[in-house]
Structures are given as structure tokens and as C-alpha cells.
Amino acid sequence: MSVVEAEQPLAFAGDDRTSVIGVASGLLRTSRSTPDGRRHISRFVRRGGMIGLGATTAFRSCIEAVTTSSVVRFSVSALERGCAESDEVRRAVIDAMTMELVARDRILFRMRLWAEERVADFLLELLEEPDAWTGAASRFRMSRTDIADHLGLTTETVSRALGRLQRDGVVRMMDAHHFWVVDKDALTALACGDGDTRARVCYDR
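So for the sequence shown, the working numbering puts the first residue at 241; every next one is plus one.
Dropping the structure here:
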């Protein structure tokens with residue numbers, strides 16, 4: 241196990257996938273950049289997640305630490321042996337693959353949402369993370385820029401959406417890094433698309 245400081249890269253897009261990266265603590269992100277410099281963060285990978293489980297021989301994304309994190313690198317062959325010999329390892333891999341599939345599904349779902357709805361859904365996602373809780377409040381472990389690059393928005397749009405949610409009494413911003421959900425039903429309805437849940441596919445929270 242090794243400790244990676246915040247903003248430190250673990251791998252770059254195109255690097256040989258010689259190992260699978262498992263997150264023991266902290267938070268990583270995977271991102272790709274367009275030729276003109278725009279960045280898209282495809283995933284925030286939390287404790288229990290793994291990166292590099294696919295069949296490709298190279299990493300498709302840049303992998304960086306968002307916070308100080310502890311990671312474990314498994315060789316592909318060692319992980320395959322572990323899955324064959326250990327139910328615990330096999331369950332951990334299945335859980336990690338499930339987390340990745342849910343993240344991909346969520347990205348596709350958010351493509352159909354307006355900006356404020358995307359932010360609402362992201363806040364609900366944060367509520368599902370045990371490591372994001374500090375007392376009664378939840379915390380942003382990533383910057384506003386990271387959130388914007390993940391949701392396909394600008395930093396200003398993210399800030400305006402959070403301000404609107406606070407003015408509407410849906411959330412309360414404790415400070416720049418902590419928030420409290422005042423009305424989870426309203427937040428969930430907004431994340432499903434303007435509060436109209438009758439004809440929309442929503443996440444089972």
C-alpha cells in the first residue's frame with residue numbers, strides 16, 4: 241500500500257496498464273482532456289473502488305488523487321488468481337465493477353438533465369458516500385472546478401446552482417466545503433427532472 245498526496249498523478253492516459261489500482265482510503269479521479277484543453281472528469285473513485293479492471297492494455301484516462309489517498313496496486317495476474325482462489329477478493333472485484341457501472345449509468349442519466357438538476361443529483365450521490373460525512377453535514381472532497389468538469393458545466397454555473405438550492409431552502413451551505421440537505425425529497429425530485437417523477441426514470445435512493 242502506498243500514500244498518494246492530493247493532486248499527485250498515478251497514471252496518465254496511454255500508460256501501460258501493468259496493474260489495477262485499488263482505493264483503500266481517500267478519493268481519486270479519472271479524467272481525459274480534449275485537444276483544446278477542456279477536461280472531463282469521468283469518475284470520482286472512492287474507498288473500495290478499483291481502476292483498470294477493463295480488458296484494455298493501456299489506461300484510457302489520467303488518474304489523479306483528489307485528496308491524500310492510500311492505494312494498492314495489484315498485478316493483473318495476481319488479481320485473477322485472487323478471484324479464482326478467494327471469495328472475498330471476488331466479491332471486492334464485483335463490488336468495484338458495480339460501482340463503475342453505476343457511475344457510467346449516472347453520467348448517461350445526467351446528460352438529460354439541466355444544470356441545476358445535475359448539481360442536485362451530484363449532491364445526492366455525495367450523500368451515499370460514508371467518507372463524505374463530517375458530523376451532521378456532508379462535505380465536498382473535490383473543488384468546484386472538479387465538480388464542474390465532472391458535470392459538464394462551468395464553475396460559475398455550479399456556484400449559481402448551489403446558491404439557488406440554498407435560497408429555495410433545499411440545502412444549507414455551511415461553508416465552501418460543507419453542506420446540509422434540508423429537504424431531501426425536494427432535492428430528489430429536482431434530480432429526477434424538475435420535480436416531475438411520474439414519467440421519468442430515477443435512481444432508487
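For every residue, glycine included, the Cβ atom is placed at its ideal position computed from N, Cα and C.
Since the structure is predicted, the reported quantities are computational estimates derived from the model, not experimental observations.
- Note: S265 is bridge-paired with S310 in the DSSP secondary-structure output.
- Counting along the chain, S282 sits inside the beta strand (DSSP E) bounded by residues R279 to V285.
- Under DSSP, M290 takes part in a beta bridge, and its partners are G262.
- Judged by DSSP in its simplified three-state form, A377 adopts strand.
- By the Cβ criterion, the region 263-279 is in contact with the region 300-307, since at least three pairs of Cβ atoms, one from each stretch, lie closer than 8 Å.
- Remark: C-beta atoms of E357 and A431 approach each other more closely than 8 Å.
- In the structure shown, R358 falls within a helical segment according to DSSP collapsed to helix, strand and coil.
- In chain order, C323 place their CB closer than 7 Å to the CB of R330, counting only its own chain and leaving out the 5 sequence neighbours on each side.
- Inter-residue distance for T397 and E328 is about 43 Å (C-alpha atoms, whole angstroms).
- In this structure S309 touches S265 by the C-beta definition: roughly 6 Å separates them, less than 8 Å.
- Cβ contact annotation for T395 (same chain, cutoff 6 Å, sequence separation greater than five): R384, T385 and A388, in chain order.
- The continuous beta strand (DSSP E) containing R412 extends over residues V411 to M413.
- Within the same chain, A360, V421, V422, D423, A426, L427 and L430 come within 8 Å of V410 by CB-CB distance, once the 5 residues on both sides are set aside.
- Taking C-alpha positions only, F349 is separated from A343 by approximately 10 Å.
- Excluding sequence positions up to five before and after V243, its CB lies within less than 6 Å of the CB of S310, all in the same chain and listed in chain order.
- Exposed is the label assigned to V312, since fewer than 16 other Cβ atoms lie within 10 Å of its Cβ.
- Rounded to whole angstroms, the gap between the alpha carbons of A332 and W354 is 35 Å.
- Residue pairing from DSSP places D256 in a beta bridge opposite A298.
- Non-local C-beta neighbours of R381 in its own chain, meaning closer than 7 Å and more than five positions away in sequence, comprise L267, V306, T307 and A372, ordered along the chain.
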